[in-house]
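Student: Here it is: the structure, laid out below.
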Amino acid sequence: MIPSRPRSRDEFKVALICALPLEANSVLSLFDHHWDEDDGSPRIGKARGDPNSYSIGIMSGHHVVLAHPPGIGTIAAGTIAAFCKLSFTSIRLALVVGICGGAPMNNGIQIHLGDVIISTGIVSYDFGRRFPDGFEMKDTASDVPGRPNLEIRGLLSKLATARQTGRIRSAIYHILCQLHQGSDTALHYPGSWKDILFPENYRHKHHEPSKCAICAACQSKSDPVCAAATVSDCHDLKCNTRKQLSRPRPTRSHQSFPPPDVHFGIFASGFEMESAGVWDIFPCIVIKGVCDYADSHKNKEWQQFASASAAACARVDIQGANELPALPQHPEVIPRNNSITQIPSEPPSGSIGSQTDSKRANEYFVPRDGIDREVIAADISRYFGSDATVRPGLFENPATGQIVQGYYIKSFRTLTMRMVEDLKADSARWDDEKRSKSPQTKVNDDSRRYYTETGTPGYNGTDGDFDNAPFSSQSYWGQ
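Take the sequence shown: its letters are residues 1 to 479, numbered as in UniProt numbering.
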């Protein structure tokens, strides 16, 4: 069941930031629903002055917003994060998702191409001073990005347990298999034989001396190579694959490819260019797929698979973030326990529909599905008495924990399920009338009048707008 459409930007708690279209494509392919593709639905919009472009949808049961930076790098990421926070003020978790270069080894554990690295911190290795004898990075407490907040650290501690890491690894593999088999996504696994790591001193250059004099003269790590070599792949440069380091990666017979491993660490084990710009603006987790070893032997062949691995990991992490309450679902039926005062099926014996049933006003909650706001506002006196009031609000079903949109009705009269069904029937007839008549036409139906104007008797909302009246019960997230 698809969660209800968000009423405002305040309902978005998760932001995703991808620097490259390749990364954004991987994330978008894992959306459960795309709200910005709903024809005829009101736009969520953004704050005045926000230049960002967004994609909004549902991932793992949460409303998420994907921000599209204008380019790569720390400045672009920081700028887009700042404007995103201006438009989406309730974001509680930001995920920087994409690709990175990875160190071949992390605490004695091998990192392979396609693996996923989840940040426990970051290092701004490009922030420092340039001296005549070289560059010195600033690493004092006031110069480095701070630790994640308590909530993020708790979530990371949970995800880093052996049980959760195994679950994440298995879920990533399952998602990648689905993408690998899907005709629309056409995810391609490059192959373990293309996961090549050369020794540190083996330069990425023309290895045929006759091809380039500059590369022929390159004998040490400080010697330059030609410009053509920096944009050529190993095949064109005749790099000797027999020089590669042996790094076996076991694969079970029933597996199409080795499942990506998940590594946790400070982001010096993964080299990328966006996280430092986002880190101090949002509570942030960086999730990156390793597409190369951050050496001179650049290889774009792994980028799509690494990006998909990171997106799959982000989906699993959002699903496991139980600190973020799940979204409300549109109820298919009205459960009886969705009321503050229990709604009986029939009125109590001796009660008369047009008479007051109690000396004390009771408050009922009725889910809004199938009930037109104009019908309940215009006809409240007929159903619930002249002293009855109605207001929009939210209610948490104690049986399921779901947050339901609907109406709070305060009345001295006993509300029954038969009344609710009558309201639904009247709403359906009123909807048919509105389709065939002018919006300003007053319609008579069964001797009752329905008005398309707001501000009708019994409604205690704000500014005559029933749908946008403030929720006086509780906020969407129960805060």
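In this text, a Cβ means the ideal position worked out from N, Cα and C, and glycines have one as well.
Quick check: the Cα distance between residue 19 and residue 92, rounded to an integer number of angstroms?
Tutor: Roughly 20 Å between the two C-alpha positions.
Student: When you compare the stretch 167-175 with the stretch 288-296, are there three or more beta-carbon pairs, one atom per stretch, that lie closer than 8 Å?
Tutor: The answer is no - the stretch 288-296 does not touch the stretch 167-175, with fewer than three Cβ pairs under 8 Å.
Student: Classify residue 201 as helix, strand or coil using the three-state DSSP reduction.
Tutor: Coil, per DSSP.
Student: Considering only C-alpha positions, which residue in the set 315, 407, 391 is nearest to residue 61?
Tutor: Cα-wise, what sits closest to residue 61 is 315.
Student: Rounded to whole angstroms, what is the Cα-Cα separation between residue 301 and residue 373?
Tutor: Cα to Cα, the separation comes out at about 55 Å.
Student: Using the C-alpha atoms, what's the distance from residue 431 back to residue 10?
Tutor: C-alpha separation (whole angstroms): 29 Å.
Student: Counting only the same chain and skipping the five closest in sequence on each side, list residues whose C-beta sits under 6 Å from that of residue 411.
Tutor: So the list reads 384, 385, 388, once near-sequence residues are dropped.
Student: Let me check understanding here. Comparing Cα to Cα, which of 230, 306, 35 lies closest to residue 191?
Tutor: Comparing Cα positions, the closest option is 306.
Student: Hey, which unbroken runs of the alpha helix (DSSP H) at 4 residues or more fall wholly within the stretch 235-262?
Tutor: Segments of the alpha helix (DSSP H) lying fully in the stretch 235-262: there are none.
Student: Am I right that residue 311 and residue 26 are in contact with their C-beta atoms under 8 Å? What's the rounded C-beta distance?
Tutor: Confirmed, Cβ separation roughly 4 Å.
Student: Rounded to whole angstroms, what's the CA-CA distance from residue 84 to residue 102? Just pull it up for me.
Tutor: About 28 Å.
Student: Quick check on DSSP: helix, strand or coil for residue 316?
Tutor: It is helical.
Student: Please report the residue range of the alpha helix (DSSP H) in which residue 53 lies.
Tutor: Where residue 53 is concerned, there is no enclosing alpha helix (DSSP H), although the beta strand (DSSP E) it sits in stretches over 53-59.
Student: According to the neighbour-count rule (16 or more other Cβ atoms, all chains shown, within 10 Å of its Cβ), is residue 342 buried or exposed?
Tutor: At residue 342, the pLDDT of 42 sits below 50, so the modelled position is not reliable and the matter cannot be decided from this model.
Student: For residue 189, name the three-state secondary structure that DSSP assigns.
Tutor: Note: residue 189 maps to coil in three-state DSSP.
Student: When you compare only the Cα positions, how much space is there between residue 212 and residue 23?
Tutor: Straight-line Cα distance between these residues: approximately 35 Å.
Student: The beta strand (DSSP E) that contains residue 100, what's its start and end?
Tutor: Unbroken beta strand (DSSP E) run through residue 100: 93-102.
Student: Which class does residue 23 belong to by DSSP, given the choice of helix, strand or coil?
Tutor: It is helical.
Student: Can you give the beta carbon distance from residue 318 to residue 14, rounded, assuming they're within the 8 Å contact cut?
Tutor: Right, their Cβ atoms sit about 6 Å apart.
Student: Could you tell me whether the Cβ atoms of residue 239 and residue 225 are closer together than 8 Å?
Tutor: No.
Student: Identify, in the order they occur along the chain, each residue of the same chain with its Cβ nearer than 6 Å to the Cβ of residue 202, setting aside the five sequence neighbours on each side.
Tutor: Answer for residue 202: 243, listed in chain order.
Student: CA-CA distance, residue 221 and residue 206?
Tutor: Taking the straight line from one Cα to the other gives about 14 Å.
Student: Roughly how many angstroms separate the alpha carbons of residue 49 and residue 406, rounded to a whole number?
Tutor: Whole-angstrom Cα-Cα distance: 33 Å.
Student: From residue 28 to residue 149, what distance separates their C-alpha atoms?
Tutor: The straight-line gap from Cα to Cα measures roughly 27 Å.
Student: For the beta strand (DSSP E) containing residue 364, name the first residue and the last one.
Tutor: 362-367 is the extent of the beta strand (DSSP E) around residue 364.
Student: Starting from residue 84, trace the alpha helix (DSSP H) in both directions and tell me its first and last residue.
Tutor: Residue 84 -> alpha helix (DSSP H) spans 74-87.
Student: Could you check what DSSP says for residue 13 in three-state terms: helix, strand or coil?
Tutor: Coil.
Student: What separation, rounded to the nearest whole angstrom, lies between the Cα atoms of residue 210 and residue 111?
Tutor: Distance between the alpha carbons of residue 210 and residue 111: 36 Å.
Student: Note down the Cα distance separating residue 364 from residue 408, rounded to an integer number of angstroms.
Tutor: Spanning the two alpha carbons is a distance of roughly 6 Å.
Student: Any idea if residue 159 is buried or exposed, counting beta-carbon neighbours within 10 angstroms, 16 or more meaning buried?
Tutor: Looking at its Cβ environment, which holds 16 or more other Cβ atoms inside 10 Å, residue 159 is buried.
Student: Leaving out the 5 sequence neighbours to the left and right, which residues in its chain are closer than 7 Å to residue 197 when beta-carbon positions are compared?
Tutor: The answer, listed in chain order, is 104, 244, 245, 247, 293.
Student: Confirm, please, whether the CB-CB distance from residue 59 to residue 32 is below 8 Å.
Tutor: Taking 8 Å as the Cβ cut-off, residue 32 and residue 59 qualify as a contacting pair.
Student: Here's a check: name, in chain order, each residue in its chain whose Cβ is nearer than 8 Å to the Cβ of residue 309, leaving out the five neighbours to either side.
Tutor: Correct list, in chain order: 114, 115, 116, 172, 176, 260, 289.
Student: With DSSP run on the structure shown, which of helix, strand or coil describes residue 225?
Tutor: DSSP places residue 225 in coil when its eight states are reduced to three.
Student: Could you pull out every residue in the same chain whose Cβ sits closer than 7 Å to the Cβ of residue 368, ignoring the five residues on either side in sequence?
Tutor: Same-chain partners within the cutoff: 405, 406, 407.
Student: With 16 other CB atoms within 10 Å as the buried threshold, where does residue 87 fall?
Tutor: Residue 87 is buried by the Cβ-count criterion.
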